[in-house]
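From first to last, the protein sequence lines are chains A and B.
Quick note: the first sequence uses the numbering used here, first residue 4, plus one each step.
Quick note: the second sequence uses the numbering used here, first residue 4, plus one each step.
Glycine included, each C-beta is placed from N, C-alpha and C at the ideal position.
None of these values were measured; they are calculated from a predicted model.
Number of protein chains: 2
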Amino acid sequence: MNRCKQGNFESFKKSAALSMEEICREIYQENRDRIRIKKETVAVKNLVKIFNATLALSAKKGFQAMSLRDLCRETGLSMGALYAYFPGKEMLLEIILLQGRRMVKKILDEALASENTSWEKISAAVRTHIYVSEVLHEWFFFSFMEAKNLGKEEQKAAIASELFTEKIFIDLLDAGSAEGIFKIENPVMTASLIKAMLQDWYLKRWKYRKRGISVEEYADFVVNAISKIIRVAEAV
Amino acid sequence: MNRCKQGNFESFKKSAALSMEEICREIYQENRDRIRIKKETVAVKNLVKIFNATLALSAKKGFQAMSLRDLCRETGLSMGALYAYFPGKEMLLEIILLQGRRMVKKILDEALASENTSWEKISAAVRTHIYVSEVLHEWFFFSFMEAKNLGKEEQKAAIASELFTEKIFIDLLDAGSAEGIFKIENPVMTASLIKAMLQDWYLKRWKYRKRGISVEEYADFVVNAISKIIRVAEAV
DNA sequence: AATAATATAGCGAGCGCTCGTTTTTTTATT
DNA sequence: AATAAAAAAACGAGCGCTCGCTATATTATT
Numbered sequence: 004m005n006r007c008k009q010g011n012f013e014s015f016k017k018s019a020a021l022s023m024e025e026i027c028r029e030i031y032q033e034n035r036d037r038i039r040i041k042k043e044t045v046a047v048k049n050l051v052k053i054f055n056a057t058l059a060l061s062a063k064k065g066f067q068a069m070s071l072r073d074l075c076r077e078t079g080l081s082m083g084a085l086y087a088y089f090p091g092k093e094m095l096l097e098i099i100l101l102q103g104r105r106m107v108k109k110i111l112d113e114a115l116a117s118e119n120t121s122w123e124k125i126s127a128a129v130r131t132h133i134y135v136s137e138v139l140h141e142w143f144f145f146s147f148m149e150a151k152n153l154g155k156e157e158q159k160a161a162i163a164s165e166l167f168t169e170k171i172f173i174d175l176l177d178a179g180s181a182e183g184i185f186k187i188e189n190p191v192m193t194a195s196l197i198k199a200m201l202q203d204w205y206l207k208r209w210k211y212r213k214r215g216i217s218v219e220e221y222a223d224f225v226v227n228a229i230s231k232i233i234r235v236a237e238a239v
Numbered sequence: 004m005n006r007c008k009q010g011n012f013e014s015f016k017k018s019a020a021l022s023m024e025e026i027c028r029e030i031y032q033e034n035r036d037r038i039r040i041k042k043e044t045v046a047v048k049n050l051v052k053i054f055n056a057t058l059a060l061s062a063k064k065g066f067q068a069m070s071l072r073d074l075c076r077e078t079g080l081s082m083g084a085l086y087a088y089f090p091g092k093e094m095l096l097e098i099i100l101l102q103g104r105r106m107v108k109k110i111l112d113e114a115l116a117s118e119n120t121s122w123e124k125i126s127a128a129v130r131t132h133i134y135v136s137e138v139l140h141e142w143f144f145f146s147f148m149e150a151k152n153l154g155k156e157e158q159k160a161a162i163a164s165e166l167f168t169e170k171i172f173i174d175l176l177d178a179g180s181a182e183g184i185f186k187i188e189n190p191v192m193t194a195s196l197i198k199a200m201l202q203d204w205y206l207k208r209w210k211y212r213k214r215g216i217s218v219e220e221y222a223d224f225v226v227n228a229i230s231k232i233i234r235v236a237e238a239v
């Protein structure tokens, strides 16, 4: 196991550019025409408030059940002010989902690029996915729960995103299998199983929290379980 | 693997008393004082309609977003008629969740009672859970998705139910470990992992459907994966 | 057997309220 | 004074829910 090389959670958190402010600045610059606020400092400050409040409220009661008046209360902004930042409730949802998907994809791609063997890549992908879902746990939970309430196009994008991540694992399992490093009966099913384990970390967060299991312990356990299932011949 | 002994999906479906009518009759008899319909045949017939429609509509848009007018349209009943069967939207939710939890518990208990060794019991619990979640997939999906929107008491009941199922696996893993049949590092984490795999069947149903994976194939795969993780010494 | 009387089930307009959204007015900044 | 930003007020639609009423089925009376 090359745990040290791939880094722990703390070093991951610092290296990944995941601050809400940076994300919001990006969103603001891409939607300057639509957003009615001219000054970037003001706009970004309030966008951060809006997105954080949306994620927090949605985690409690769901996006649909969250009213824009709830959002006013939580952000300290008025109805009119909110509508200067986004054109409607549904669009707010879409903006949040799109931006999250982009970030996750970018981080996963980067993590894989710096690894060599198939097993190192699988291990890195698992760790990175669990770590990023820890940092952005509100978004991950939100994204999963709201998926079924989206419009047709948005739903397609969500499914594509799910399958994209899975495809990464399928390809790596196939590659390692061809190299004779793994012994796998069914790469597609194995990849599904891996995804299920990754998801449990943000779907059952309350459980792991209560038991005092850290994100690193969980990642270790999952990587170890996968190594048993695919009978990886470890070269350390 | 004792697949034959534990029976396939079809035989499970017939043996388990899972028809919506039976469930509704039970609910009716328990709530005779509250339900304003006197004749059992009429009441049960409409309760079936109401529960099926609720599960179907909730699967599409979520229980919160489902309006009682949607439910009127789907059941063919009027608003007034609906309120003769349940005292309010929230109570409808609670009745459905409670009844489902009871049924799952009963079926799991029965399935375990007829097995002997720890490994047979684990295998039976896994298969039974996957099979019952296939028959009642709408309920399982519903139950998972609505869990966070419940009142305090109902949320406690949902958590207790989740932990109850997990405890079954923890105990079986501990027992098999003590007998020297399994080699497990962490029974609690292993049980969590098993639960995650069980859940994937009803949370990602669309995926497995599209790939033509049957419920029996999935159960086989999961049982096999578990056997690898806990290094079970199979005695067949 | 026919009719009257009653019990049961179902209907749907309308209540008070909150929703997402728009328009108007006020406040802050330059 | 001019303009940007936010607050305040208002709108129509749709919500869960209630209630006066009708339609149907059952029982009692002749």
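- At least one CB of chain A lies nearer than 8 Å to the CB of Phe224 (chain B).
- With 16 or more other CB atoms across the displayed protein chains lying within 10 angstroms of its CB, Thr131 (chain B) is buried.
- A straight-line Cα-Cα distance of about 48 Å links Ser217 (chain A) and Ile38 (chain B).
- Proximity of Ser195 (chain B) to chain A, defined by a Cβ-Cβ separation below 8 Å, is satisfied.
- Residues are counted here when their Cβ sits less than 7 Å from a Cβ of chain B; for the region 43-71 of chain A these are Lys64, Gly65, Gln67 and Ala68, given in chain order.
- For Asp112 (chain A), the uninterrupted alpha helix (DSSP H) run begins and ends at Lys92 to Ala116, by DSSP.
- For Gly83 (chain B), the enclosing alpha helix (DSSP H) has its first and last residue at Met82 to Tyr88.
- Within the region 167-192 of chain B, the residues whose Cβ lies closer than 9 Å to some Cβ of chain A are Glu169, Glu188, Asn189, Val191 and Met192, listed in chain order.
- In terms of Cβ geometry, Ile197 (chain B) and Ile162 (chain B) do not form a close pair [threshold 8 Å].
- Contact between Ser117 (chain A) and Leu175 (chain A) does not hold, since their C-beta atoms are separated by about 15 Å, which reaches or exceeds 8 Å.
- Trp209 (chain B) sits exposed, since fewer than 16 C-beta atoms from the chains shown fall within 10 Å of its C-beta.
- Judged by DSSP secondary structure, Asn11 (chain A) falls outside any alpha helix (DSSP H); it is assigned neither H nor E.
- Here Arg214 (chain A) carries a coil assignment [DSSP, helix/strand/coil].
- For Leu111 (chain A) and Ile171 (chain A), the gap between their C-alpha atoms comes out near 10 Å.
- In the pairwise beta carbon analysis, the region 88-102 of chain B is classified as touching the region 32-48 of chain B: at least three pairs are separated by under 8 Å.
- Assignment of Val138 (chain A) by DSSP, reduced to helix, strand and coil, places it in the helix class.
- The beta carbon of Asn119 (chain A) does not come within 8 Å of any beta carbon belonging to chain B, so the residue lies off that interface.
- The distance from the Cβ of Glu24 (chain A) to that of Val51 (chain A) is about 6 Å, consistent with a contact at the 8 Å cut-off.
- Using a Cβ-Cβ distance cut-off of 8 Å, the region 64-73 of chain A and the region 61-72 of chain B are in contact, since at least three pairs of beta carbons, one from each stretch, lie closer than that value.
- For Ile133 (chain B), the nearest beta carbon of chain A is not closer than 8 Å to its own beta carbon.
- Following the DSSP letters along the chain, one finds Asn55 (chain B) inside the alpha helix (DSSP H) bounded by residues Glu43 to Lys64.
- In the DSSP assignment, Asp174 (chain B) falls within the alpha helix (DSSP H) that extends over Lys155 to Ala181.
- Flagged as an interface residue toward chain A: Ala228 (chain B), by a C-beta distance shorter than 8 Å.
- Close partners of Asn152 (chain B) in chain A (Cβ separation under 8 Å): Lys64, Gly65 and Ala68.
- At least one CB atom of chain B sits nearer than 8 Å to the CB of Asp203 (chain A).
- In this structure, the beta-carbon distance from Lys231 (chain A) to Lys48 (chain B) does not fall below 8 Å.
- In this model, Ala199 (chain B) and Tyr205 (chain B) are separated by some 11 Å (Cα to Cα).
- For Met200 (chain B), the residues of chain A that pass the 7 Å Cβ criterion are Leu196 and Ala199, in the order they occur in the chain.
- In this structure, Ile184 (chain A) sits near Val235 (chain A), with a CB-CB distance shorter than 8 Å.
- DSSP, reduced to helix, strand and coil, places Glu188 (chain A) outside both helices and strands of the structure shown, so it counts as coil.
- For Ile232 (chain B), the nearest CB of chain A lies under 8 Å from its own CB, placing it at the interface with that chain.
- Not a single CB atom of chain B sits nearer than 8 Å to the CB of Met94 (chain A).
- Thr120 (chain A) sits in coil when the DSSP states are folded into three classes, being neither helix nor strand.
- In the DSSP annotation of this structure, Ile233 (chain A) is not part of any alpha helix (DSSP H), being labelled neither H nor E.
- For Glu157 (chain B) against Glu97 (chain B), the beta-carbon gap comes to about 6 Å, under 8 Å, which counts as contact.
- For Gln32 (chain B), the enclosing alpha helix (DSSP H) stretches over residues Met23 to Glu33.
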